[in-house]
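Protein chains: 2
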Amino acid sequence: MASSLERLVRMLSGGFSNQEQAFENPPLYAHILVKFRPLPQLAPGSLLLEQSYAINPAAPYRIRVLRVEALNGQLTIVNQALAEDQRFWGAVEDSELRGRIQTSDLLPLDGCAYVVREESEGFVGEVEPGCRCLVERKGATSYLVSRLELNPAGMRTIDRGHDPITHEHLWGSLAGAFEFARTDDYNDEIPAHWSEQWGD
Amino acid sequence: MASSLERLVRMLSGGFSNQEQAFENPPLYAHILVKFRPLPQLAPGSLLLEQSYAINPAAPYRIRVLRVEALNGQLTIVNQALAEDQRFWGAVEDSELRGRIQTSDLLPLDGCAYVVREESEGFVGEVEPGCRCLVERKGATSYLVSRLELNPAGMRTIDRGHDPITHEHLWGSLAGAFEFARTDDYNDEIPAHWSEQWGD
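If you read the protein sequences in the order shown, they are chains D and F. The numbering used here puts the first residue of the first sequence at 26, with every later residue one more than the last. The numbering used here puts the first residue of the second sequence at 26, with every later residue one more than the last.
What follows is the structure, given as structure tokens:
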């Protein structure tokens, strides 16, 4: 049986769309696409993440390299930015470009790891405690409170920004979580040597 | 000088897009298009309204016929649905289809008129008092609280749903108003006989 770590990497390695939610609730939810795709040239568990408006997948609004790990038995998704990330926009659909991402391109995002636990058939992850994952929006600094729920059928996410001093809720959807269905599966791109290192 | 009524019709008769807002605040705002276009065959002040996700303008999520009036000196935007409205989807970009809309196709939306006042260079409209503009969303009935701010450069809108009994805020964006820039001008489609009836 696969380890929790490997199950989490497998469940993440796919494409997700909230099209149904967007079309059932106009205009409250943007239609967005989220893809996580293995980067076999990097450390085991490394996944390219692109998030984009469905209308413009060539210009993702967020591009990250995640690294799924089990640190002292605690499932963790380490969150990293890319230096000059525009070089890699669209790499999630371009294997040649994806293959050019190197460890030296990665920038740590302190305080922004997700702490993950298994829950029923899936996983729930939340930004690590400490209110240290700072983001800029509309000229103000806020800290990110983010939750990710993953199951075999899809994913739910919710992001909110809070004021670092007053903890006031500054931005984020009151309408609720984004709800994604799974549209693509990239499991066959997970290299065999990752499983070997994970000791299955 | 044009009457307030005519100024309001002229300021509405255009196309609007919140592209800048959507792209500056991903993924909190869907990119939406709103167009108001004169219907010269109907009563003076009649405008076809279509609202759509930018990704799919052929399938508007809302299509209405508005009628701008001055009732006892009070600027009012009467709100009407269309019977079997799918017949008219895309009419805002199709003059032949638009020309087929007849008075007999219109369905009143009781309690959903906007009461409008002039404010600096533009107008502010809010749904008439009474909590009677009922909408169904996610299987629940709510009443609409909606505000429209119009100025020469663009438009801001905010829609919220409240429970008819408890007045609890059920849906709507905490992130704030949709902010639209003007992208199209349909002033030259306002027929001369409307101005004549308005007595300018």
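Beta carbons are placed, not taken as given, at the ideal position from N, Cα and C, and that holds for glycine.
- By the Cβ-count criterion, Ala55/D is buried, with 16 or more other Cβ atoms from all chains shown falling within 10 Å of its own Cβ.
- DSSP lists no bridge partner for Asn50/D.
- For a cut-off of 8 Å, the C-beta gap from Phe41/D to Arg207/D is around 6 Å, short enough to register as a contact.
- Excluding residues up to 5 positions away in sequence, Pro216 lie with their Cβ nearer than 6 Å to the Cβ of Pro65/D in the same chain.
- For His194/F, the enclosing beta strand (DSSP E) starts and ends at His194 to Gly197.
- For Arg181/D, the pairing in a beta bridge is given by DSSP as Glu174/D and Glu204/D.
- Secondary structure of Glu153/F (DSSP, three-state): coil.
- With respect to the 9 Å criterion, Phe148/D and Thr182/D are not classified as neighbours on the basis of their beta carbons.
- DSSP places Leu122/F outside any beta strand (DSSP E); the residue lies instead in the alpha helix (DSSP H), whose first and last residues are Ser120 to Gly124.
- One Cα belongs to Leu134/F, the other to Tyr86/F, and the distance between them is close to 16 Å.
- For Glu75/F, same chain residues with a beta-carbon under 6 Å away, outside a window of 5 residues either side, are Lys60, Pro85, Ile88 and Val117 in chain order.
- Per DSSP, the continuous alpha helix (DSSP H) segment holding Gln222/F begins and ends at Ala217 to Trp223.
- The segment 39–89 of chain D is shown to contain whole alpha helix (DSSP H) runs of 4 or more residues at 44–49, in chain order.
- Boundaries for Glu109/F: no alpha helix (DSSP H) harbours it, and the DSSP string shows neither H nor E there.
- When C-alpha distances from Leu58/F are compared across Cys137/F, Asp130/F and Ile80/F, the shortest belongs to Ile80/F.
- Near chain F, meaning a CB-to-CB distance below 8 Å, the residues of the segment 50–74 of chain D are Asn50, Pro51, Pro52, Leu53, Tyr54, Ala55, His56 and Ile57.
- C-alpha of Glu49/F to C-alpha of Asp110/D: approximately 17 Å in a straight line.
- Considering only Asp119/F, Glu153/F, Leu122/F and Asn97/F, the residue with the shortest C-alpha distance to Val103/F is Glu153/F.
- With its beta carbon at least 9 Å from every one in chain D, Ala165/F lies outside the interface.
- The bridge partners DSSP lists for Tyr139/D are Ile102/D and Val152/D.
- In the displayed model, Ala95/F falls within a strand according to three-state DSSP.
- Following the DSSP letters along the chain, one finds Glu161/F inside the beta strand (DSSP E) bounded by residues Leu159 to Arg162.
- Taking 9 Å as the CB threshold, Tyr78/D lines the interface with chain F.
- Closer than 9 Å to the CB of Trp114/D there is not a single CB belonging to chain F.
- Listed along chain D is no residue with a C-beta nearer than 8 Å to that of Ala106/F; the closest approach is about 15 Å.
- With fewer than 16 other beta carbons inside 10 angstroms of its own, Leu96/F counts as exposed.
- For Leu131/F, there is no enclosing alpha helix (DSSP H); the residue is part of the beta strand (DSSP E) that begins and ends at Leu131 to Pro133.
- For Tyr168/D, the beta-bridge partners assigned by DSSP are Leu159/D and His187/D.
- Only residues of its own chain outside the window of five on either side were considered, and among them Met36, Gly147 and Phe148 have a CB closer than 6 Å to the CB of Leu175/F, listed in chain order.
- Counting the other Cβ atoms within 10 Å of the Cβ of Ser120/F gives fewer than 16, which makes it exposed.
- Burial of Asn43/D is indicated by the presence of at least 16 other C-beta atoms within 10 angstroms of its C-beta.
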